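Remember, my numbering sits 173 above the position in the sequence shown when you count from 1.
Here is the structure we will look at, set down as structure tokens.
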Amino acid sequence: MHDLAFPLLVGLILVALAFDFLNGLHDAANSIATVVSTRLLKPVHAVLFAGVFNFAAYFLTITFPSLHKVASTIGQGLIDKNMVTPGVVFGALIGAMFWNIVTWLKGIPSSSSHALVGGIIGAGVAHAGMTGIQWNGLNKTLIAIVLSPVLGMILSMLIMLATSWMFSRASNRGAERSFRVLHLISSGTYSLSHGLNDAQKTMGVITVLLFSTGYLHGKFEVPHWVAISCYIAMGLGTLMGGWKIIETMGSRITKLSQHQGFSASAGGTIMVFTASLLGIPVSTTHTITGCVIGAGVAKRASAVRWGVAGDVVVAWIVTIPASAAVGAVFYLLTTLF
């Protein structure tokens, strides 16, 4: 157990909630890019829509507590929870926030989730070396980096093809009207799944901080006040929007119809909910990008701007090592003071 004065504990929790707010701000595009680019909703209405569903995920976890496995993976599945110190938490959060701000300013839809994973690994290794890494949790997270966009792309293509067959006899006007409604519903469920998976990452960080400093005893479990604080912070961040990233996700990769928007967000919903059930801190950014590409390819491969998609992939590859390096540096700085 590590001693930490209560004011410093509060300060670290506020830093964690600031990351959660930035996560919502950075990842707002995940939830609303398709409805904005297809003009199904106005941008202001879209962020309100997404923010409400991000927060609504809290009530879903009360009904289904098993959906809180992601917080456990982040809190004790990447680095041994007994080796986590306040300095490790600080380094991890600053490393993740630094990378989020850089990619947000550049309009690059990188992963806030994997920025946090990188920050935790970097700060943890700087503190305890490689022995503290929980390889089982880290490996399934790294595998998800590759599988989530690929499976999301395939799933969205299949949804696109299946619904095209189902509506083959419908008039253009009737099909368009149906897909507008379906797209709105699928966007809402994707916002719900986004809030569910992403807010838990900050919950895991705060919970392991409380555990390592002796403020949480017994079973490693997320306190309700931590959960609701994280959902509120993420919802407020989403309300602020991330307009440059929304442009990249919603129109620069491929131009979407209502049918494609529905297919992309429906595929993303299935993928992220499945990851939450399995306790995998999947990247909602990676997932929805793969789904958008899949919906575009289902129409025709040339509809996708592969150069833009390639730039996004490069950002994904460097996210974990970049945030890990910054996390390690800031951890080492805490040892000086």
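Note that the Cβ used here is the ideal one computed from N, Cα and C, for glycine as well.
Only a predicted model underlies this, so the values are computations on that prediction, with no experimental measurement involved.
Checklist entry - Residues in its own chain within less than 7 Å of Ser424 by CB, not counting five upstream and five downstream? => result In this prediction, Ser424 has a pLDDT of 48, which is less than 50 and means its spatial position is unreliable; what the coordinates show is noted afterwards. Cβ neighbours of Ser424 beyond the five flanking positions: Ser210.
Checklist entry - Would Val183 be called buried (16 or more neighbouring beta carbons within 10 Å of its own) or exposed? => result exposed
Checklist entry - Mind checking Ile426: buried by the 16 CB within 10 Å criterion, or exposed? => result Below a pLDDT of 50, predicted positions are generally treated as unreliable, and Ile426, at 48, falls in that range; the measurement from the model is reported next regardless. Counting Cβ neighbours within 10 Å, Ile426 comes out buried, since at least 16 surround it.
Next on the checklist: Measuring straight from C-alpha to C-alpha, what distance separates Ile186 and Leu177?
Outcome noted: 12 Å
Item to check | Contact belief for Ile405 with Phe228 at Cβ below 8 Å, rounded distance in angstroms | outcome: 6 Å
Checklist entry - Would Gly500 pass as a contact of Gly268 if the rule is Cβ separation under 8 Å? => result yes
Item to check | For His119, the first and last residue of its enclosing alpha helix (DSSP H) | outcome: The structure shown does not extend to residue 119, since the chain spans only 174 to 510, so no value can be given for it.
Item to check | CB of Val378 within 8 Å of CB of Ala296, strictly | outcome: no
Item to check | Sufficient close CB pairs (3 or more, under 8 Å) joining the stretch 318–338 to the stretch 451–468 | outcome: yes
Next on the checklist: What residue range does the alpha helix (DSSP H) around Glu349 cover?
Outcome noted: Counting along the chain, the alpha helix (DSSP H) containing Glu349 begins and ends at Asn345 to Ser385.
Checklist entry - Rounded to the nearest angstrom, how far is the Cβ of Ala219 from that of Ile235, given a contact under 8 Å? => result Ala219 to Ile235, Cβ: 26 Å. No contact.
Next on the checklist: Going by DSSP in three states, Ile306 sits in which element: helix, strand or coil?
Outcome noted: strand
Next on the checklist: Short of 7 Å in beta carbon distance, which residues of its chain neighbour Thr492, apart from the five on each side in sequence? Order them along the chain.
Outcome noted: Trp272, Ser283, Ser284, His287, Ala288 and Gly291
Checklist entry - Going by C-alpha distance, which of Val381, Tyr231 and His199 is nearest Lys279? => result His199
Item to check | Rounded separation between His367 and Lys254 - CA only | outcome: 25 Å
Next on the checklist: With a threshold of 6 Å on Cβ separation, who are the neighbours of Ala413 within its own chain once the five nearest residues in sequence on each side are excluded?
Outcome noted: Correcting the residue type first, residue 413 is Met in the shown sequence and not Ala. For Met413, where only same-chain residues beyond five positions count, the Cβ hits under 6 Å are Leu198.
Item to check | Start and end residues, alpha helix (DSSP H) containing Leu214 | outcome: It is not in any alpha helix (DSSP H) - Leu214 carries neither H nor E in the DSSP assignment.
Checklist entry - In this structure, does DSSP put Ile293 in helix, strand or coil? => result helix
Next on the checklist: For Thr386 and Leu195, I'd like the C-alpha separation in whole angstroms.
Outcome noted: Roughly 25 Å separates the two Cα atoms.
Item to check | Alpha-carbon to alpha-carbon, His175 and Met422 | outcome: Caution applies to Met422, whose pLDDT of 49 falls short of 50 and renders its modelled position unreliable; the model cannot decide the point.
Checklist entry - At what residues does the alpha helix (DSSP H) containing His432 begin and finish? => result Gln431 to Leu451
Next on the checklist: So the candidates are Thr304, Leu451, Gln431 and Phe179; which of them puts its Cα closest to the Cα of Val208?
Outcome noted: Gln431
Item to check | Stretch pair the stretch 435–445 + the stretch 349–369: three plus CB contacts closer than 8 Å | outcome: yes
Checklist entry - Does the beta-carbon of Leu506 have 16 or more other beta-carbons within 10 angstroms, so that it is buried, or is it exposed? => result exposed
Checklist entry - Apart from the five residues on each side of it in sequence, which residues of its chain come closer than 6 Å, Cβ to Cβ, to Gly250? => result Gln307 and Gly310
Item to check | Boundaries (first-last residue) of the alpha helix (DSSP H) holding Pro259 | outcome: Counting along the chain, Pro259 sits inside the alpha helix (DSSP H) bounded by residues Pro259 to Lys279.
Next on the checklist: Bridge partners for Ile252 per DSSP, in chain order?
Outcome noted: According to DSSP, which records beta bridges pairwise, Ile252 is partnered with Ile306.
Checklist entry - Where does Met407 sit, in a helix, a strand or coil, going by DSSP? => result helix
Item to check | Terminal residues of the alpha helix (DSSP H) in which Gly391 lies | outcome: Run containing Gly391: none; DSSP gives neither H nor E here.
Item to check | Delimiting residues of the alpha helix (DSSP H) encompassing Gly459 | outcome: Per the sequence shown, the amino acid found at residue 459 is His instead of Gly. In this chain, the alpha helix (DSSP H) harbouring His459 covers Thr457 to Lys472.
Item to check | Status (buried if at least 16 other CB within 10 Å, exposed otherwise) for Pro238 | outcome: Under the 10 Å beta carbon count, Pro238 is surrounded by fewer than 16 other beta carbons and is classified as exposed.
Item to check | Spatial neighbours of His241 in its chain, beta-carbon cut-off 7 Å, leaving aside the 5 residues before and after | outcome: Thr234, Gln373 and Val395
Checklist entry - Which word fits Lys215, buried or exposed, when buried means at least 16 other C-beta atoms lie within 10 angstroms of its C-beta? => result exposed
Checklist entry - How about Val243 and Ser449: are their beta carbons less than 8 Å apart? => result yes
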